[in-house]
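Numbering (our numbering), first residue to last: 236 to 562.
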């Protein structure tokens, strides 16, 4: 399987602003992150270690503080692409299309209802601490103001975790938005008018140039082997079967089996491996119960998922959760 990675720019930007927040981290960890070139990829494990170190400082408002301290030039090339977009709606479309450039830490999606436009963030990282989630949503909220050129605020902000800091700290970023905690999703909702608001002059040539560069980088990141391709699909849609994935890859099931076998995998072995890791990550987030996971992974009922989980890990679902609680 491919090793999860992220662009190093966001992690480096965080390290850059920490002194101003009077935060000190282990020098060795900082050096490991800084040694990766800006145009390279940072192992997800290192970014996980960074957020774990930040969480261990026991400052529940640190995620919000980090987001407030970051500036538009703190981000990688994708950041420049987003800030070259004329409206928040255009920027979110680009964020969804090119989020793989940021890394495998999560996935953004959008939906529309009578309440407005909803931007949802599904976290895939193995260290989904509350301050990490809050930093992501707060960065989106701050970015929305930069992109629109106006002090727009979301209508609703929702977190899967409980309230971490003072309400005033949330208000400093999200304004008068309705704040929801302990929900099933992490998301923001914006007014329809704010979604298309444009009060900045945008250089269309720069936007096209950034989009072209993003396309090139995205192609370079596309998984090459069939093991990587299948893994990438299953990480996003773990309920898919072999027939469905072979259709997505435009190959026969026999061809897919042969290509996986060349790398020492059967489809079952690979899918079990991916689903096991994904299930463990979702359990660590604390918001996934057995019924939810059974549905998410495409099992007919909780019992079928429970048997699969025990086969993957060697322990039952409840026992695994108890082990995490005792860590």
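Glycine included, each C-beta is placed from N, C-alpha and C at the ideal position.
Helix, strand or coil at residue i [DSSP, three-state]
{"i": "residue 393", "result": "strand"}
{"i": "residue 322", "result": "coil"}
{"i": "residue 328", "result": "helix"}
{"i": "residue 272", "result": "coil"}
{"i": "residue 298", "result": "helix"}
{"i": "residue 335", "result": "helix"}
{"i": "residue 418", "result": "coil"}
{"i": "residue 178", "result": "Residue 178 lies beyond the range of the chain shown here (236 to 562); nothing can be said about it."}
{"i": "residue 465", "result": "helix"}
{"i": "residue 460", "result": "coil"}
{"i": "residue 486", "result": "coil"}
{"i": "residue 258", "result": "coil"}
{"i": "residue 437", "result": "coil"}
{"i": "residue 481", "result": "helix"}
{"i": "residue 447", "result": "helix"}
{"i": "residue 285", "result": "helix"}
{"i": "residue 316", "result": "helix"}
{"i": "residue 506", "result": "helix"}
{"i": "residue 241", "result": "strand"}
{"i": "residue 432", "result": "coil"}
Rounded straight-line distance, which links the Cα of residue j to that of residue i
{"i": "residue 435", "j": "residue 330", "result": "19 Å"}
{"i": "residue 314", "j": "residue 307", "result": "7 Å"}
{"i": "residue 279", "j": "residue 514", "result": "17 Å"}
{"i": "residue 305", "j": "residue 349", "result": "32 Å"}
{"i": "residue 261", "j": "residue 347", "result": "43 Å"}
{"i": "residue 537", "j": "residue 257", "result": "47 Å"}
{"i": "residue 544", "j": "residue 551", "result": "7 Å"}
{"i": "residue 236", "j": "residue 487", "result": "Its pLDDT being 46, under 50, residue 236 is placed unreliably by the model, and the measurement read from it follows with that caveat. Whole-angstrom Cα-Cα distance: 21 Å."}
{"i": "residue 246", "j": "residue 404", "result": "22 Å"}
{"i": "residue 364", "j": "residue 290", "result": "7 Å"}
{"i": "residue 298", "j": "residue 373", "result": "8 Å"}
{"i": "residue 389", "j": "residue 410", "result": "8 Å"}
{"i": "residue 481", "j": "residue 264", "result": "41 Å"}
{"i": "residue 378", "j": "residue 500", "result": "42 Å"}
{"i": "residue 556", "j": "residue 512", "result": "14 Å"}
{"i": "residue 360", "j": "residue 382", "result": "27 Å"}
{"i": "residue 241", "j": "residue 553", "result": "32 Å"}
{"i": "residue 302", "j": "residue 370", "result": "5 Å"}
{"i": "residue 254", "j": "residue 266", "result": "15 Å"}
Minimum C-alpha distance to residue i - residue among the options
{"i": "residue 317", "options": "480, 380 and 485", "result": "380"}
{"i": "residue 239", "options": "267, 247, 260 and 276", "result": "276"}
{"i": "residue 492", "options": "462, 515, 254 and 535", "result": "462"}
{"i": "residue 300", "options": "252, 282, 263 and 267", "result": "252"}
{"i": "residue 319", "options": "553, 437 and 556", "result": "437"}
{"i": "residue 531", "options": "471, 287 and 495", "result": "471"}
{"i": "residue 395", "options": "518, 243 and 534", "result": "518"}
{"i": "residue 398", "options": "417, 291, 386 and 553", "result": "417"}
{"i": "residue 469", "options": "343, 505 and 263", "result": "505"}
{"i": "residue 351", "options": "496, 344 and 428", "result": "428"}
{"i": "residue 423", "options": "445, 386 and 356", "result": "356"}
{"i": "residue 384", "options": "343, 391 and 433", "result": "433"}
{"i": "residue 392", "options": "400, 421, 407 and 386", "result": "421"}
{"i": "residue 439", "options": "345, 495, 507 and 321", "result": "321"}
{"i": "residue 268", "options": "406, 467 and 249", "result": "249"}
{"i": "residue 443", "options": "415, 523, 325 and 406", "result": "325"}
Boundaries (first-last residue) of the beta strand (DSSP E) holding residue i
{"i": "residue 413", "result": "413–415"}
{"i": "residue 341", "result": "341–348"}
{"i": "residue 421", "result": "421–425"}
{"i": "residue 355", "result": "351–358"}
Closer than 7 Å: residue i CB and nearest the ligand SAM heavy atom
{"i": "residue 324", "result": "Among the components of this structure there are no ligands whatsoever, and the ligand SAM is therefore not found."}
Where the alpha helix (DSSP H) containing residue i begins and where it ends
{"i": "residue 472", "result": "Run containing residue 472: none; DSSP gives neither H nor E here."}
{"i": "residue 545", "result": "537–548"}
{"i": "residue 244", "result": "244–252"}
{"i": "residue 530", "result": "525–531"}
{"i": "residue 378", "result": "365–383"}
{"i": "residue 402", "result": "402–409"}
{"i": "residue 291", "result": "Neither: residue 291 is in no alpha helix (DSSP H) and is coded neither H nor E."}
{"i": "residue 555", "result": "552–560"}
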